[in-house]
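Here our numbering is used: the first residue of the sequence shown is 64, the next is one more, and so on.
Just below is one structure, and these are the notes that go with it.
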Amino acid sequence: MARIAIITGATGGLGMEFTRVVSSYDHIDEIWAVGRNVEKLNKLKVSCDKVIPICADLSGAGLDIIIQKIEEKKPDIKYLINNAGIGYLGKYEDMGLEYVRSFCDINCTVPALLMSVALPYMNKDAGILNISSASSFQPNPYLALYSASKVFIKNISRALYMELKSRGITVTAVCPGWIDTDMLPREKDGKKIKYAGMISAEKVVEKALNDNRKGKDMSTPGWFSKYFRFYSKITPTKLVMRQWTRSIKQYI
């Protein structure tokens, strides 16, 4: 029985770094790398012989491809890393019905369904890492649906942490701040965007995996994430939202 890790959003940013690090683990035979871009998946396969590319659009029927493969192969799942997600900075009313629907599917429904189908194939010392965000600590105007979706991920992760603790399975909500990847826009209408406390993907992945191994239900990589978590606890929500709105509105 193959000992595997499933990593969604594996072709960029955090996903590539998770793939690189987990591929070095002796107790992992295969990495099921899930992504939409065939070319990038093939490049990932070339760089790591443990990679099994799975080309799947998680906003459509792609989820069924993964579910079917799990049910057919019945692997020993050592890691499930729900990394795929969509970000959106702007007015909620400008998103449109279909985008809102696919946004909720990818950021919320897909991770929940993958955990449901993977858990029967997970045993003691297995780990689930769900990528949430520091934005889950407070409501964020103009990042409204994104931060709300990350609250869902954080809360379901922490609840399942307690449910699965007796089985020896650790569920960790990973809550970083801004991550230095190509996915972040660097300017808006000619204005350079400033990201407070930006952290590298390497540091996020290192801390996330270490925290999961240590049996932690949350991982807050970098000073900004730790600070914002504490600040959000002691500061009135409306004040935090006003401060956030002032800092971000120039880019909307």
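Note that CB positions come from ideal geometry on N, CA and C, so glycine has one too.
What you are looking at is a predicted structure, and each value in this text was computed from that prediction instead of being measured.
Go through its chain and collect everything with a Cβ distance to residue i's Cβ below 6 Å, but skip five positions before and after it.
{"i": "lysine 213", "result": "Ser195, Ser196, Ser198 and Ser199"}
{"i": "aspartate 243", "result": "Met261 and Ser263"}
{"i": "valine 101", "result": "Cys118"}
{"i": "isoleucine 133", "result": "Val180"}
{"i": "alanine 207", "result": "Tyr155"}
{"i": "lysine 187", "result": "Gly231"}
{"i": "cysteine 171", "result": "Ser212 and Phe215"}
Tell me where the beta strand (DSSP E) around residue i begins and ends.
{"i": "aspartate 139", "result": "139-145"}
{"i": "glycine 98", "result": "93-98"}
{"i": "alanine 68", "result": "66-71"}
{"i": "asparagine 193", "result": "190-194"}
Using beta-carbon positions only, say whether residue i and residue j come within less than 8 Å of one another.
{"i": "isoleucine 69", "j": "valine 109", "result": "no"}
{"i": "proline 116", "j": "leucine 126", "result": "no"}
{"i": "aspartate 280", "j": "arginine 221", "result": "yes"}
{"i": "leucine 143", "j": "leucine 104", "result": "no"}
{"i": "arginine 83", "j": "lysine 141", "result": "no"}
{"i": "asparagine 273", "j": "threonine 233", "result": "no"}
{"i": "serine 310", "j": "glycine 240", "result": "no"}
What are the boundary residues of the alpha helix (DSSP H) that includes residue i?
{"i": "tyrosine 283", "result": "The residue you asked about is not tyrosine; residue 283 is threonine in the sequence shown. Element bounds for threonine 283: n/a, residue is neither H nor E."}
{"i": "arginine 230", "result": "Premise fails: arginine 230 is in no alpha helix (DSSP H) and is neither H nor E."}
{"i": "glutamate 161", "result": "160-167"}
{"i": "proline 174", "result": "173-181"}
{"i": "asparagine 203", "result": "Element bounds for asparagine 203: n/a, residue is neither H nor E."}
{"i": "isoleucine 130", "result": "125-136"}
{"i": "isoleucine 322", "result": "Residue 322 lies beyond the residue range present for the chain, which begins at 64 and ends at 315; the question has no answer from this structure."}
{"i": "lysine 279", "result": "It is not in any alpha helix (DSSP H) - lysine 279 carries neither H nor E in the DSSP assignment."}
{"i": "tryptophan 307", "result": "300-311"}
{"i": "glutamate 102", "result": "101-110"}
Assuming residue i contacts residue j under a Cβ cut-off of 8 Å, what Cβ separation, rounded to an integer in Å, is found between them?
{"i": "threonine 235", "j": "asparagine 146", "result": "Contact flag wrong, Cβ pair sits at about 12 Å."}
{"i": "cysteine 238", "j": "threonine 283", "result": "5 Å"}
{"i": "glutamate 93", "j": "lysine 113", "result": "6 Å"}
{"i": "glycine 318", "j": "isoleucine 169", "result": "Outside the modelled stretch of the chain, which goes from 64 to 315, sits residue 318, for which no answer is possible."}
{"i": "isoleucine 256", "j": "tyrosine 209", "result": "Not a contact, Cβ separation roughly 15 Å."}
{"i": "glutamate 80", "j": "glutamate 226", "result": "Rounded, the Cβ-Cβ distance is 28 Å, inconsistent with contact."}
Can you list, in chain order, the residues of its chain with a C-beta nearer than 8 Å to that of residue i? Leave out the 5 residues immediately preceding and following it.
{"i": "threonine 308", "result": "Pro204 and Tyr205"}
{"i": "serine 295", "result": "Phe200, Gln201 and Val303"}
{"i": "lysine 137", "result": "Met64 and Tyr184"}
{"i": "arginine 292", "result": "Ala197, Phe200, Cys238 and Thr283"}
{"i": "tryptophan 286", "result": "Gly260"}
{"i": "lysine 312", "result": "Tyr205"}
Between residue i and the rest of its own chain, which residues show a CB-CB distance below 7 Å, the 5 nearest in sequence each way excluded?
{"i": "proline 174", "result": "Asn145, Asn193 and Ile216"}
{"i": "glycine 153", "result": "Tyr205 and Ile315"}
{"i": "valine 163", "result": "Leu208"}
{"i": "isoleucine 130", "result": "Val180"}
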